[in-house]
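Protein chains in written order, with my numbering: chain G, 209 to 510; chain S, 216 to 468.
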């Protein structure tokens, strides 16, 4: 066999490993969660009660926790990340560009557990002693801000997640804005647009599908993030309208409880949660890739 | 052609890209309600010259200009560039409609920036401008369709309609036909001829036939300098400078 053929087969088999792994993980989750699926059927993701002692396993509090904490994070990180991207692409002097972009990407390099530590020892006390009491006193009538100030809880998780997904949103938005052709900017400026009007009428609409993609990629990361969230969210399987109430996410409950899951059904329920989590993140990431790629397919002038 | 006074003029205009001097002491007078063509080989500074006239040149990082540009006798460097660009519109080499906007939204984009919200008024102005840009007949039934779906020549006329909508006095055209086929080109040239009655037009072109056909006055530029400027007929028949003659007879460029 010639060297080129060997190279082809060896590298192809490496590539196949990815496919096998992906399928393997999916199948493993399905098999392991089968007892739970068989017992609870489609009630599993819709049941509010999670009480391992009683043998009651419902995934709804975790699905709720994951979705709400991730959306909370997205709501905070999106304006910030988009602002950073706009600054870097449209307004930043060239000599500062590299440094700021580097610092933003460095945020992504901080290990999750460090964010968790920072969350527990800095963010949570600050929330508990300053932010939450103020909110409860002045905005307490709104269900979002009622209850005692725990510090740990949905709000802390959302904040930590927001910081963690900020770099991915900022850097992908920046890449998207950089693909906007200069003649679009000039078209707006020549009509008498200010910088901001140019960004609003020409740059953002041109990149909108890519920017949605950046959101989805950020969301995908937030949905699956485990360590930092587990450290600050409080791990209580309850659904509460208050952002200051402790909660739990799909990732946090699996990480927290797999060592103590004694019964077969308990463990199987955790696998079931894992299956739900994988499906959601898989779909979100798929959607994100599709949106980011679609920016290259915009109709072009001749 | 009632007003042939100087609409726009530059005096000792110099322009740089970083350390590169792209315009060397250019002084030119652009008469009102006429078409002034600027010809010259690639890189001679003709685009840079008109991009100085609406202060687009300075939007490029590291680019700067010195000297004077006067619009109706007033220095444009003492005006707000945003306001100036509403008086001095620009058409680019490559048609650049906004791809996410419909045809009508493209035309009214500048007006909406100005804060005009009245739908009926917007539609009225859009129709007028599309008529002036000789595009109305072709698009009147698909105003809500995306502008990017039009052909190249139609897109360029759409861009002209968009520029006309903000009611400019001067139109700067930077090689508006270089990306178009001959039929679209002749349509744009006809359009230039008609627009001349109401607008002052500066037409940058590398196509000498186009300059000869479409313009009243022609300026020849070479290596960042204005070599010669005069009545189009005179420049093409009895040029004063040897360089102009060499260029128009095809000896270089």
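Ideal placement from N, C-alpha and C gives every residue a C-beta, glycine not left out.
- Taking 8 Å as the threshold, the shortest C-beta distance from residue 394 of chain G to chain S falls below it.
- Excluding the 5 residues flanking it on each side, residue 388 of chain S has same chain C-beta neighbours closer than 6 Å at 306 and 418, in chain order.
- In the structure shown, the three-state DSSP call for residue 328 of chain S is helix.
- A contact between stretches requires three or more CB pairs, one per stretch, nearer than 8 Å, and the region 262-279 of chain G meets this requirement with the region 433-446 of chain G.
- For residue 246 of chain G, the enclosing alpha helix (DSSP H) begins and ends at 211-248.
- At a cut-off of 8 Å between beta-carbon atoms, residue 400 of chain G makes contact with chain S.
- DSSP, reduced to helix, strand and coil, places residue 438 of chain G within a helical segment of the structure shown.
- Among the residues of chain S, none has a CB under 9 Å from the CB of residue 456 of chain G; the nearest is roughly 41 Å distant.
- Taking the beta carbon of residue 307 of chain S as reference, the chain G residues within 8 Å of it are 391, 394, 395 and 398, listed in sequence order.
- For residue 434 of chain S, the closest of S:413, S:386 and S:456 by C-alpha to C-alpha distance is S:456.
- About 7 Å separates the beta carbons of residue 285 of chain S and residue 223 of chain S, which is inside the 8 Å limit, making them a contact pair.
- Chain G has no Cβ within less than 8 Å of the Cβ of residue 237 of chain S.
- Nearest neighbour of residue 235 of chain S by Cα position, chosen from S:357, S:278, S:458 and S:244, turns out to be S:278.
- Relative to residue 392 of chain G, the option among S:230, S:310 and S:465 whose CA is nearest is S:310.
- Rounded to the nearest whole angstrom, the CA to CA distance from residue 286 of chain G to residue 366 of chain G is 13 Å.
- Chain G has a Cβ within less than 8 Å of the Cβ of residue 325 of chain S.
- Contact between residue 283 of chain S and residue 229 of chain S is ruled out by a C-beta separation of about 11 Å, above the 8 Å threshold.
- Separation of residue 290 of chain G and residue 371 of chain G (C-alpha to C-alpha, rounded to the nearest whole angstrom) is 13 Å.
- DSSP places residue 272 of chain S within a helical segment (H, G or I) once states are collapsed to three.
- Among the residues facing chain G, residue 313 of chain S is included, as its CB has a counterpart in that chain under 8 Å away.
- Against residue 269 of chain S, the close residues of chain G are 398, in the order they occur along the chain (beta-carbon pairs closer than 7 Å).
- Just so you know, the alpha carbons of residue 220 of chain S and residue 432 of chain S end up roughly 13 Å apart.
- With respect to the C-alpha of residue 335 of chain G, the residue from G:312, G:320, G:360 and G:351 having the closest C-alpha is G:360.
- The beta carbons of residue 424 of chain G and residue 496 of chain G sit about 3 Å from each other, so the pair counts as a contact at 8 Å.
- Nearest neighbour of residue 500 of chain G by Cα position, chosen from G:236, G:395, G:414 and G:233, turns out to be G:414.
- Put simply, the backbone Cα of residue 438 of chain S is about 7 Å away from that of residue 258 of chain S.
- DSSP, reduced to helix, strand and coil, places residue 396 of chain S outside both helices and strands of the structure shown, so it counts as coil.
- DSSP, reduced to helix, strand and coil, places residue 310 of chain G within a helical segment of the structure shown.
- The criterion of a C-beta distance shorter than 8 Å is satisfied by residue 399 of chain G and residue 381 of chain S.
- By a beta-carbon distance limit of 8 Å, residue 458 of chain G contacts residue 274 of chain G. Their separation comes to about 5 Å.
- Counting along the chain, residue 375 of chain G sits inside the alpha helix (DSSP H) bounded by residues 362-386.
- In the DSSP annotation of this structure, the continuous segment of the beta strand (DSSP E) that includes residue 435 of chain S starts and ends at 432-437.
- Using a CB distance below 7 Å, the part of the region 323-356 of chain S facing chain G consists of 324, 325 and 328, ordered along the chain.
- Ranked by how close their Cα comes to the Cα of residue 357 of chain G, the residues G:238, G:340 and G:346 have G:340 in first place.
- Interface residue (Cβ-Cβ distance to chain S less than 8 Å): residue 383 of chain G is not classified as such.
- Counting C-beta atoms within 10 angstroms of its own C-beta, residue 262 of chain G has fewer than 16 neighbours from the protein chains shown and is therefore classed as exposed.
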